[in-house]
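**Student:** Pasting a structure below so you can have a look.
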Amino acid sequence: MLSQENNVHKSVGVLFFLLITAAFLFKGTSDYSILIISYGVIVTSTLSYCWSLKSIQYTQLTFLLGIWLVWTTLPPLVGLVPRTALFGIFQCSMWIFGFILFNRDSLADWLWKNLLKLLWILGLICAGYALIQLFAKNAMPVGIFASKNTAAAFLMMIDLLLIGNFFTLEIRQFKSSDTIKKIIILTSIYIITLALLAALSRGVILCFICFATLEIVLCRQDLKLRSMYQLSGILVLALATLCLFAQSAIQHRLDLLAHEKSRLIIWNGAWQLWQKTPWYGLGIFNFKQYYPAFSLPGDGSNLEYAHNDFLQLLVETGIPGIVILLGIIMTVLIYLKHYLNHPSKNSVTHIQGIACFSALGALVCHSFIDFNFYVFPMNLLMGCCLGYLHYFLRKEGGVKVYSFSLKNIWILRSGVIVFLLVISSYFFRFLILEHYIKNTEAAIQAKHFNEAIASSNHALNLFPFVEIQSLKIDASLQLIQQATSVQERHSWIKKTEFAIKQAIAMNPYFARPYFQMGLLQSLERDDVQKAKAYFSKAIKNDPHFCLARLTFARFLIEKHELDLAQEVLETGLQYPISPEYIELYLNYLAKLRFANGNQEGAQKAAQRLEHLKLYNQDYSDLI
Numbered sequence: 001m002l003s004q005e006n007n008v009h010k011s012v013g014v015l016f017f018l019l020i021t022a023a024f025l026f027k028g029t030s031d032y033s034i035l036i037i038s039y040g041v042i043v044t045s046t047l048s049y050c051w052s053l054k055s056i057q058y059t060q061l062t063f064l065l066g067i068w069l070v071w072t073t074l075p076p077l078v079g080l081v082p083r084t085a086l087f088g089i090f091q092c093s094m095w096i097f098g099f100i101l102f103n104r105d106s107l108a109d110w111l112w113k114n115l116l117k118l119l120w121i122l123g124l125i126c127a128g129y130a131l132i133q134l135f136a137k138n139a140m141p142v143g144i145f146a147s148k149n150t151a152a153a154f155l156m157m158i159d160l161l162l163i164g165n166f167f168t169l170e171i172r173q174f175k176s177s178d179t180i181k182k183i184i185i186l187t188s189i190y191i192i193t194l195a196l197l198a199a200l201s202r203g204v205i206l207c208f209i210c211f212a213t214l215e216i217v218l219c220r221q222d223l224k225l226r227s228m229y230q231l232s233g234i235l236v237l238a239l240a241t242l243c244l245f246a247q248s249a250i251q252h253r254l255d256l257l258a259h260e261k262s263r264l265i266i267w268n269g270a271w272q273l274w275q276k277t278p279w280y281g282l283g284i285f286n287f288k289q290y291y292p293a294f295s296l297p298g299d300g301s302n303l304e305y306a307h308n309d310f311l312q313l314l315v316e317t318g319i320p321g322i323v324i325l326l327g328i329i330m331t332v333l334i335y336l337k338h339y340l341n342h343p344s345k346n347s348v349t350h351i352q353g354i355a356c357f358s359a360l361g362a363l364v365c366h367s368f369i370d371f372n373f374y375v376f377p378m379n380l381l382m383g384c385c386l387g388y389l390h391y392f393l394r395k396e397g398g399v400k401v402y403s404f405s406l407k408n409i410w411i412l413r414s415g416v417i418v419f420l421l422v423i424s425s426y427f428f429r430f431l432i433l434e435h436y437i438k439n440t441e442a443a444i445q446a447k448h449f450n451e452a453i454a455s456s457n458h459a460l461n462l463f464p465f466v467e468i469q470s471l472k473i474d475a476s477l478q479l480i481q482q483a484t485s486v487q488e489r490h491s492w493i494k495k496t497e498f499a500i501k502q503a504i505a506m507n508p509y510f511a512r513p514y515f516q517m518g519l520l521q522s523l524e525r526d527d528v529q530k531a532k533a534y535f536s537k538a539i540k541n542d543p544h545f546c547l548a549r550l551t552f553a554r555f556l557i558e559k560h561e562l563d564l565a566q567e568v569l570e571t572g573l574q575y576p577i578s579p580e581y582i583e584l585y586l587n588y589l590a591k592l593r594f595a596n597g598n599q600e601g602a603q604k605a606a607q608r609l610e611h612l613k614l615y616n617q618d619y620s621d622l623i
């Protein structure tokens, strides 16, 4: 019976590791991959938990995590926040289910041991790829991620865990195989540290130094001086290698840093959004639906993240959410304090626990100046580390455990089953939604606009999201142009106008419907004042919307309002301009400056046009 149970546990572990690997390989960047992987994690962890449930125990931390899950799940289900937050449950709740799996007595040690091996391999792959990008391609060392900061944060976690692994080798009885393993670990630390430093992420480097030092301090009584010298030598060697062989890459990065906008601009805009937000928040993962309208001049971000997870979670989950989150952090710190008063006498166990805390703590601290919580695989890793840390502290007596009567076990199981049924329902609905969205986009590309409207209507019946409504409007605008009679044309104009008003009602801060209404008013209604008002609203709600800004400028040029057209383009220089629009943008700007008597400014724009650097989207020096 025990052997059968172990086999089941290992099967669950193998399935979970496959899901983690998939999360890193697919990077959690497509909706399909996020839905399938997250649903797999939810089902695996909850069914495994229910299957092994023999008693009802909880701690202060598990209680807070349960409240967090309810608080982020319930508001979109009951309509308190926009329903786009339903997707956020799949995107941002994986840390809870990673915690559930790694907090189990029967599975935690085996899972953690094998997770370290998997992360070791993934870390080396990421670091190796990042170094190839840096030295061979002279590109940003992003590794297997989309952002160099995310790659560096991931490598920081692996580095801190490997440092703990290295320290434990010095504790064990010496074997010849341990020497080989030490060499392999030190080599891995060297490669990963080199890639980490190559990203030149100030926040990651600072967090790594602080938590590597903390890890050493908390484990100092179990460490040998020789291992300290060896580790220090490897870290210094990695730094020296970077300085010797990557000087051009470092200079390139420093040039970019010179033009990098302060995160304070983003935080200020996010804070203004928070002031307009209800006390209960906008809903998990809904920040990007509203933030563009509050973006301030100089904001060079992609307008999706606050680059401060705690500030973004304050906006999305409101005051209750951030209080719960801070309560979770404080609870973990209190648990750790209790443990450190009576640390484990087993040196290997102690070092492993502290290494886990250091890796998690470094990532949490880095989240104050960047986004990690919203990167799908990183969110999952946070939960795994938190789950194992809680298991470790509980096993060592640092956590007070409470129990419920076994008579109430059916209530818990019933609640889990209801939750699974609800999640399953939305999982399949989102899959169908993605299918209809793909069909709509494909139909628009193929110029089958009636098919696009039919597919978008199916999608809107599932979830009335403004992005889908906007796709439907795109198809309607094309059908106006294809109308074969005046009556048909007027019919489509009325339908399109009604659809745009619906889109604005869905989300008044979404820019695209205003742009579409501006097109309708300028091309079909010939209402200059309304067109100007809607175009202005579009670029106010999304200052990065280059197509809307260029269209507005061209419309003003046609109406001979050259001063206003130039002002529209001059204002846009305070924001990033994507490579696909920059040639046209600078062309218009140079001609408008010349026409309005600013010959020096026109020449400056023309010269910049001749020496474009497409990786640089900052043209604020032309103001």
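First residue of the sequence shown? That's 1 in this note's numbering, and the numbers climb one at a time after it.
Glycine included, every Cβ here is placed at the ideal spot set by N, Cα and C.
(1) Residues bridged to Phe404 by DSSP?
(2) What residues in its chain sit with their C-beta under 6 Å from that of Phe166, if we drop five residues either side in the sequence?
(3) So which of Leu15, Phe87, Lys537 and Phe357 has the shortest CA-CA distance to Tyr339?
(4) Can you give the Cα-Cα distance for Ile623 and His611, rounded to whole angstroms?
(5) Give the list of continuous alpha helix (DSSP H) stretches no shorter than 4 residues that lie fully inside the segment 426-499.
(6) With distances taken from CA atoms, which of Trp279, Gly13, Leu237 and Gln133 is nearest Leu314?
(7) Just mark Gly233 as buried or exposed, buried being the case when its beta carbon has 16 or more other beta carbons within 10 Å.
(8) Going by C-alpha to C-alpha distance, which of Phe449, Ile67 and Tyr534 sits closest to Trp492?
(9) So, helix, strand or coil for Lys345, using DSSP?
(10) With 16 other CB atoms within 10 Å as the buried threshold, where does Gln529 fall?
(11) Which residues in the same chain have their Cβ closer than 7 Å to the Cβ of Tyr155, if we skip the five residues on either side of it in sequence?
(12) Nearest CA to the CA of Gly327: which residue from Phe310, Leu586 and Glu215?
(13) For the segment 72-80 against the segment 97-104, are there 3 or more C-beta pairs whose distance is under 8 Å?
(14) Where does Met140 sit, in a helix, a strand or coil, going by DSSP?
(15) Just verifying my parser: in three-state terms, what is the DSSP assignment at Tyr514?
(16) For Val142, which residues in the same chain have their Cβ closer than 6 Å to its Cβ, ignoring the five residues on either side in sequence?
(17) Considering only residues of the same chain and omitting the five flanking positions on each side of Asp31, which have a CB-CB separation below 7 Å?
(18) With DSSP collapsed to three states, give me the class of Ser33.
(19) Hey, would you say Ala499 sits closer than 8 Å to Ile473, going by beta carbons?
(20) With a Cβ-Cβ cutoff of 8 Å, do Met94 and Ser33 count as a contact?
(21) Quick check: the Cα distance between Ser55 and Lys395, rounded to an integer number of angstroms?
(22) Tell me which same chain residues have a C-beta within less than 8 Å of the C-beta of Phe699, skipping the five on either side of it?
(23) Where does the unbroken alpha helix (DSSP H) through Ser536 begin, and where does it stop?
(24) Counting only the same chain and skipping the five closest in sequence on each side, list residues whose C-beta sits under 6 Å from that of Met1.
(25) Which of helix, strand or coil does DSSP assign to Trp95?
(26) So for Leu122, helix, strand or coil by DSSP?
(27) Kindly indicate which residue of Tyr509, Phe515, Ile557 and Val568 has the alpha-carbon position closest to the one of Pro82.
(28) Give the secondary structure of Tyr509 by DSSP, where H, G and I count as helix, E and B as strand, and everything else as coil.
(29) When we look at the beta-carbon of Pro513 and count the other beta-carbons within 10 Å, is it buried (16 or more) or exposed?
(30) So which of Gly597, Cys92 and His307 has the shortest CA-CA distance to Leu35?
(31) Glu583 to Tyr374, Cα distance in whole Å?
(32) What separation, rounded to the nearest whole angstrom, lies between the Cα atoms of Ile158 and Ile369?
(33) For His342 and Leu160, what's the separation of their Cα atoms in angstroms?
(34) Can you give me the C-alpha to C-alpha distance between Ile67 and Met330, rounded to a whole angstrom?
**Tutor:** If we stick to the structure as given:
(1) Ile56
(2) Ile185
(3) Phe357
(4) 17 Å
(5) 449-462 and 466-482
(6) Trp279
(7) exposed
(8) Phe449
(9) coil
(10) exposed
(11) The sequence shown places Leu at residue 155, rather than the Tyr named in the question. Closer than 7 Å at Cβ, skipping near neighbours: Gly123, Cys126, Ala127, Ile192, Ala195 and Leu196.
(12) Phe310
(13) no
(14) coil
(15) helix
(16) Lys148 and Ala151
(17) Glu434
(18) helix
(19) yes
(20) no
(21) 17 Å
(22) This structure cannot speak to residue 699, because the chain is shown only from 1 to 623.
(23) Val528 to Asn541
(24) Any reading at Met1 must be qualified, since the residue scores a pLDDT of 47, below 50, and its modelled position is unreliable; the value itself is stated next. Same-chain partners within the cutoff: there are none.
(25) helix
(26) helix
(27) Tyr509
(28) coil
(29) buried
(30) Cys92
(31) 34 Å
(32) 20 Å
(33) 23 Å
(34) 15 Å
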